[in-house]
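These notes are about the structure you will find just below.
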Amino acid sequence: MTAGKITNSRGARRIIMKKVAWLIVMVFAVGYAFADSVIMKDGLVIEGKIIEKTSDSVIMKTRNGEQEIDRHYIKRIIRTEPVVTASKGEESELGVPWQDAAPLDKEGSVKLVFDMKGTHAVSGSVNGAGFTGTEVTNEGLSLAGDYTAYIKNNIGLGCGAILQLPRKQSNIAGNFYFLPFYGLVKLRTAPDDDRNYKYLVGHLGYNFFDADNTYKGTNATMNGGLYYAAGAGLNSKHFQVELLYSASNGSVKQSGLMLNPVNRLVQNCTISRDVTYSKLSLSVNVSF
């Protein structure tokens with residue numbers, strides 16, 4: 083009887099130890115089943131427990147210890163436990179995962195632009211007679227700035243403006259300039275930790291058009307028109323290099339005693355001309 087009791091006692095302990103072991107496994111399994119997840123923009127998933135959130139980062143306790151994650155690289159957060167933020171208390175129902183969107187990725191840039199030689203194309207009429215012409219324009223500088231907000235990791239929408247410093251045609255006197263305001267679309271590759279990425283960009287907008295008296299003559303009315311551009315660039319940390327093709331459109335209307343551009347005689351004329359200035363530009367940008 084005594085030996086039987088000892089045997090039964092040992093068997094009971096084994097059963098209890100198995101149940102304890104299974105209980106420990108289940109606790110860990112449940113713990114990981116309800117773990118928080120941080121999904122990065124590059125596809126990496128980090129699991130653990132979020133212990134603090136700020137406007138700039140998320141602090142997470144993982145198997146390898148505490149880890150601070152820059153919000154800039156976070157695509158979304160899935161969590162199952164209450165989390166206290168630096169600004170206010172924020173809770174979710176325990177055991178019900180919900181998503182916390184990453185802050186909108188925003189980017190501004192200031193640009194110094196070198197405009198290569200371009201073309202100044204004109205089509206219009208003098209006293210009802212049509213004419214066309216194209217001249218090469220000299221190089222010039224422009225100043226620009228734009229702002230982009232990324233609605234997805236690789237798609238950005240924004241706006242910008244360019245101030246073209248006065249420039250002239252190679253064989254015709256007088257300076258002219260355009261002032262474009264535009265909306266933009268930017269498509270980029272996924273940024274790495276140093277914000278290195280490649281991108282394509284497109285502009286569409288309206289530009290103002292003006293010139294000195296030598297270019298536009300007397301009694302002239304100048305109007306702006308459509309502006310569009312397309313290009314590509316490289317971003318490294320806070321610097322960008324961008325190559326852009328652009329076209330600016332405008333019109334000039336004149337009337338009075340002036341040089342007739344068709345017969346080169348001074349006479350009373352009514353002149354209407356549409357102008358398209360197109361060029362390639364290379365810019366160095368500082369982003370922030």
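The sequence shown runs 83 to 370 under my numbering.
Here a beta-carbon is modelled for each residue, glycine too, at the ideal position from N, C-alpha and C.
Values in this document were obtained by computation on a predicted structure and should not be read as measured data.
Exercise. Where Thr303 and Gln336 are concerned, what is the direct C-alpha to C-alpha distance, given to the nearest angstrom?
Worked result: In the sequence shown, residue 303 corresponds to position 221, counting from 1. In the sequence shown, residue 336 corresponds to position 254, counting from 1. Roughly 7 Å separates the two Cα atoms.
Problem set entry | Residues near Asn146 in its chain [Cβ-Cβ closer than 7 Å; skip 5 each side] | As a position in the sequence shown, residue 146 is number 64, starting the count at 1. The answer is none, since no qualifying residue turns up.
Exercise. Apart from the five residues on each side of it in sequence, which residues of its chain come closer than 8 Å, Cβ to Cβ, to Val323?
Worked result: By 1-based counting over the sequence shown, the position of residue 323 is 241. Excluding residues up to 5 positions away in sequence, Gly315, Leu316, Leu364, Ser365, Val366, Asn367 lie with their Cβ nearer than 8 Å to the Cβ of Val323 in the same chain.
Exercise. Is the stretch 237-244 close to the stretch 255-264, with three or more CB pairs under 8 Å?
Worked result: The stretch 237-244 and the stretch 255-264 touch, with no fewer than 3 CB-CB distances between them shorter than 8 Å.
Exercise. Just to confirm, are Lys188 and Ala231 a CB contact at a threshold of 8 Å?
Worked result: For the purposes of this step, residue 188 is identified with residue 106 of the sequence shown, where counting begins at 1. For the purposes of this step, residue 231 is identified with residue 149 of the sequence shown, where counting begins at 1. Their beta carbons are under 8 Å apart, which means Lys188 touches Ala231 by this criterion.
For this session: State the DSSP-derived secondary structure class of His202, mapped to helix, strand or coil.
Result: Looking up residue 202 in the sequence shown gives position 120. His202: strand per DSSP, three-state reduction.
Exercise. In angstroms, rounded to a whole number, what distance separates the CA positions of Gln349 and Ser224?
Worked result: By 1-based counting over the sequence shown, the position of residue 349 is 267. By 1-based counting over the sequence shown, the position of residue 224 is 142. Taking the straight line from one Cα to the other gives about 37 Å.
Exercise. From Phe321 to Ser330, what does the alpha carbon distance come to, in whole angstroms?
Worked result: Against the sequence shown, residue 321 aligns to sequence position 239. Against the sequence shown, residue 330 aligns to sequence position 248. Their backbone Cα atoms lie some 26 Å apart in a straight line.
Exercise. Where does the unbroken beta strand (DSSP E) through Thr144 begin, and where does it stop?
Worked result: The sequence position of residue 144 within the sequence shown is 62, counting from 1. Per DSSP, Thr144 belongs to the beta strand (DSSP E) from 139-144.
For this session: Pull up the CB-CB distance for Gly332 and Tyr297, whole angstroms please, since I reckon it's below 8 Å.
Result: Along the sequence shown, one-based indexing puts residue 332 at 250. Along the sequence shown, one-based indexing puts residue 297 at 215. Not confirmed; about 11 Å, so no contact.
For this session: Using three-state DSSP, classify Asn295 as helix, strand or coil.
Result: Within the sequence shown, numbered from 1, the residue matching residue 295 stands at position 213. Three-state result, Asn295: helix.
For this session: Within its chain, find whatever has a CB closer than 6 Å to the CB of Ser354; leave out the 5 residues flanking it on each side and keep chain order.
Result: Numbered from its first residue, the sequence shown carries residue 354 at position 272. Closer than 6 Å at the Cβ level, and outside the excluded window around Ser354, lie Gly206, Ser207, Lys335.
Exercise. In chain order, which continuous runs of the beta strand (DSSP E) of length 3 or greater are located wholly inside the stretch 266-296?
Worked result: 279-293
Exercise. How many angstroms separate the CA atom of Lys268 from the CA atom of Lys157?
Worked result: Position 186 of the sequence shown, counted from the start, is the residue given in the question as residue 268. Position 75 of the sequence shown, counted from the start, is the residue given in the question as residue 157. C-alpha separation (whole angstroms): 18 Å.
Exercise. Would you call the CB atoms of Ile160 and Asp118 closer than 8 Å?
Worked result: Looking up residue 160 in the sequence shown gives position 78. Looking up residue 118 in the sequence shown gives position 36. Yes. Within cutoff.
Exercise. Using CA coordinates, which residue listed in Ser137, Tyr310, Met142 is at the minimum distance from Val127?
Worked result: The residue given as residue 127 occupies position 45 in the sequence shown. Val127 has its Cα closest to that of Met142, out of Ser137, Tyr310, Met142.
For this session: Return the bridge partner residues of Ile121 from the DSSP annotation.
Result: Along the sequence shown, one-based indexing puts residue 121 at 39. Per DSSP, the beta bridge partners of Ile121 are Val127, Arg158.
Problem set entry | Exposed unless 16 or more other CB atoms sit within 10 angstroms - verdict on Leu239 | As a position in the sequence shown, residue 239 is number 157, starting the count at 1. Leu239 should be labelled exposed.
Problem set entry | Phe63 versus Pro248, Thr358, Tyr310, residue with shortest Cα-Cα distance | Residue 63 cannot be examined here, being either before or after the span of the chain that is shown, 83 to 370.
Problem set entry | Separation of Leu266 from Cys351, as counted between CA atoms | Within the sequence shown, the letter at position 269 stands for residue 351. Within the sequence shown, the letter at position 184 stands for residue 266. In a straight line, the C-alpha of Cys351 is about 41 Å away from that of Leu266.
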